[in-house]
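For reference, the structure is listed below as structure tokens.
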Amino acid sequence: MCGNLAPGQDDSGCNRAIDHPDGEIFSPPYLFNDDMSLAERPIIFSVDSSMQNGRVAKAGSTITVNMNYPTQHTLALVRMGSATHSVNSDQRRIPLNNVQRSNAAHIVTLPSDSGILIPGFYYLFAMNERGVPSVAKTLQIVL
91 MCGNLAPGQD
101 DSGCNRAIDH
111 PDGEIFSPPY
121 LFNDDMSLAE
131 RPIIFSVDSS
141 MQNGRVAKAG
151 STITVNMNYP
161 TQHTLALVRM
171 GSATHSVNSD
181 QRRIPLNNVQ
191 RSNAAHIVTL
201 PSDSGILIPG
211 FYYLFAMNER
221 GVPSVAKTLQ
231 IVL
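Using the numbering used here, the first residue of the sequence shown is number 91, and each one after it goes up by one.
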């Protein structure tokens, strides 16, 4: 992308006839404080389940999400895309409401309905009280 250079860099190799100088990088407002400084994001240190591999779980099972702060976070699973014929019918966001907190550990009972929590790979997000999301951890749901 033309024009997205650090100070002191040269853009003489940019062909403006084929490179797009009108490209933009979107930074959602929730990633910033009111003074435009970067908002502090929650950090998921680890995800553990009772299964052999801690990042694999079943519908209705319990996972432990270890966070960087002992405050209450909102947790949600977002299913990774599985498009076919330009349709992504599996896309879903599942709020995790059955959460108990013990210091920085959030003990989560996953939804038991495998029609809602269908098998596959999900991103697990934690949001703080301002709605600032963490970087996701990957979780696999199996039958």
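Using N, Cα and C, we set each Cβ at its ideal position, and we do this for glycine too.
Check                                                                                                                                                         : Outcome
Is the separation between the beta-carbon of M157 and that of A194 shorter than 8 Å?                                                                          : yes
How many angstroms separate the CA atom of R183 from the CA atom of N105?                                                                                     : 41 Å
Strictly by DSSP, which residues pair up with M157?                                                                                                           : I134
Would you mind working out which of E114, G113 and K148 sits nearest L233, comparing C-alpha positions?                                                       : K148
Could you tell me whether the Cβ atoms of S151 and S136 are closer together than 8 Å?                                                                         : no
Leaving out the 5 sequence neighbours to the left and right, which residues in its chain are closer than 7 Å to Q190 when beta-carbon positions are compared? : I197
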